[in-house]
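Working notes for the structure below.
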Amino acid sequence: MTSGSTAAINIHDLCFSWSKGKTVLESCSLEVPKGEFWMLLGTNGSGKSTLLRLLAGLLKPDSGEIQIAPPIGFVFQNPDHQLVMPTVGADVAFGLVQEGLSIPQVRQRVEESLAAVNLLALQRRPIYALSGGQKQRVAIAGAVARHCEVLLLDEPTALLDPDSQLDLVAQVQKLVKSRGLTALWVTHRLDELDYCDGAFLLEKGQVVDQGDPQRLRQRLMQSEESLD
Ligand SMILES: Nc1ncnc2c1ncn2[C@@H]1O[C@H](COP(=O)(O)OP(=O)(O)O)[C@@H](O)[C@H]1O
Ligand SMILES: [Mg+2]
Numbered sequence: 001m002t003s004g005s006t007a008a009i010n011i012h013d014l015c016f017s018w019s020k021g022k023t024v025l026e027s028c029s030l031e032v033p034k035g036e037f038w039m040l041l042g043t044n045g046s047g048k049s050t051l052l053r054l055l056a057g058l059l060k061p062d063s064g065e066i067q068i069a070p071p072i073g074f075v076f077q078n079p080d081h082q083l084v085m086p087t088v089g090a091d092v093a094f095g096l097v098q099e100g101l102s103i104p105q106v107r108q109r110v111e112e113s114l115a116a117v118n119l120l121a122l123q124r125r126p127i128y129a130l131s132g133g134q135k136q137r138v139a140i141a142g143a144v145a146r147h148c149e150v151l152l153l154d155e156p157t158a159l160l161d162p163d164s165q166l167d168l169v170a171q172v173q174k175l176v177k178s179r180g181l182t183a184l185w186v187t188h189r190l191d192e193l194d195y196c197d198g199a200f201l202l203e204k205g206q207v208v209d210q211g212d213p214q215r216l217r218q219r220l221m222q223s224e225e226s227l228d
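Numbering of the sequence shown is given in our numbering, commencing with residue 1 and proceeding in unit increments.
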């Protein structure tokens, strides 16, 4: 395991319950090294989304420590719950205006981040005219434009067809390498494991296995532990 100083995400002994007697995370610990792309696997209801929400600060833990390098970008399963502006460029610019950047600075950030996800040509396109995969890339561009250090993605391919699915995961892999970002990607689709540096398996509120994605893939393919 890496040392805490090189981790972009470090959680230690994290506990969380939605209500008394309904524990979701119990002394859960994990580290994601800076500049790496890791995936989080686990059966439905194992607490993956809850963990991501805790990491993003959207929920408060009952106990335990969370260290995460800000700013954090979050990509949800359904981009229609995330994209708020009428066009691609306006959506990516949205948070930047509130950060107090000048108009030329905003323009430069928008162009740079749309180019990073191969969407520069669609800058003026209405959001409703995009495919699901393109919408997810707009959400990712929004995080890149805010110069996020960490990207948290909660089943971002769940609503995509297989081609767009693999296109998106390859895109995130490329972004992590080219910009030194750290990404934690929740999925239950084992073919996505080809693209990451490492993976965690969450079970009953704890990380029960972690490391080489291909080893985890073999384990899950051979065992009865279906993720669906
Ligand atoms: N808002 C909520 N209120 C109460 N219980 C919740 C809420 N969200 C999730 N849960 C419960 O927490 C557990 C973990 O859910 P979740 O984190 O969504 O799992 P996963 O993303 O791995 O499918 C489940 O038992 C789920 O029913
Ligand atoms: Mg979930």
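Glycine included, every Cβ here is placed at the ideal spot set by N, Cα and C.
Here the structure is a predicted model, which is why all the values come from computation and not from measurement.
Presumed contact (8 Å Cβ cut-off) between residue i and residue j, rounded CB distance
{"i": "glycine 205", "j": "threonine 87", "result": "Wrong, their Cβ atoms sit about 42 Å apart, outside the cutoff."}
{"i": "isoleucine 66", "j": "isoleucine 11", "result": "5 Å"}
{"i": "valine 138", "j": "leucine 119", "result": "7 Å"}
{"i": "cysteine 15", "j": "leucine 30", "result": "Not a contact, Cβ separation roughly 14 Å."}
Contact test: residue i Cβ vs ligand 1 heavy atom, cutoff 6 Å
{"i": "glycine 47", "result": "yes"}
{"i": "valine 24", "result": "yes"}
{"i": "asparagine 44", "result": "yes"}
{"i": "threonine 50", "result": "yes"}
{"i": "tryptophan 185", "result": "no"}
{"i": "tryptophan 38", "result": "no"}
Buried/exposed call for residue i, threshold 16 Cβ in 10 Å
{"i": "proline 104", "result": "exposed"}
{"i": "glycine 21", "result": "exposed"}
{"i": "methionine 1", "result": "Confidence in methionine 1 is poor, its pLDDT being 48 and thus under 50, which makes the residue's placement unreliable; the coordinate value appears in the next sentence. Answer is exposed; the Cβ neighbour count stays below 16."}
{"i": "valine 102", "result": "Per the sequence shown, residue 102 should be read as serine rather than valine. By the neighbour-count rule (16 or more Cβ atoms within 10 Å), serine 102 is not buried but exposed."}
{"i": "valine 208", "result": "exposed"}
{"i": "threonine 6", "result": "exposed"}
{"i": "lysine 177", "result": "exposed"}
{"i": "tyrosine 195", "result": "buried"}
{"i": "glutamine 165", "result": "buried"}
{"i": "aspartate 62", "result": "exposed"}
{"i": "serine 3", "result": "Bear in mind that a pLDDT of 49 at serine 3, under 50, signals an unreliable position, so the number given afterwards is only what the model happens to contain. That one is exposed."}
{"i": "arginine 219", "result": "exposed"}
Beta-bridge pairing of residue i - partner residues as DSSP gives them
{"i": "lysine 22", "result": "Ser19"}
{"i": "glutamate 203", "result": "Gln206"}
{"i": "threonine 182", "result": "Val150"}
{"i": "asparagine 10", "result": "Glu31, Gln67"}
{"i": "phenylalanine 74", "result": "Leu152"}
{"i": "threonine 50", "result": "Threonine 50 pairs with nothing; no bridge assigned."}
Whether or not the region 27-43 and the region 177-186 are in contact is what I'm after, with contact meaning three or more pairs of Cβ atoms, one per stretch, closer than 8 Å; do they touch? Output reads yes: the region 27-43 touches the region 177-186.
Would you call the region 91-99 and the region 44-51 touching, i.e. three or more CB-CB distances under 8 Å? Short answer: they don't touch.
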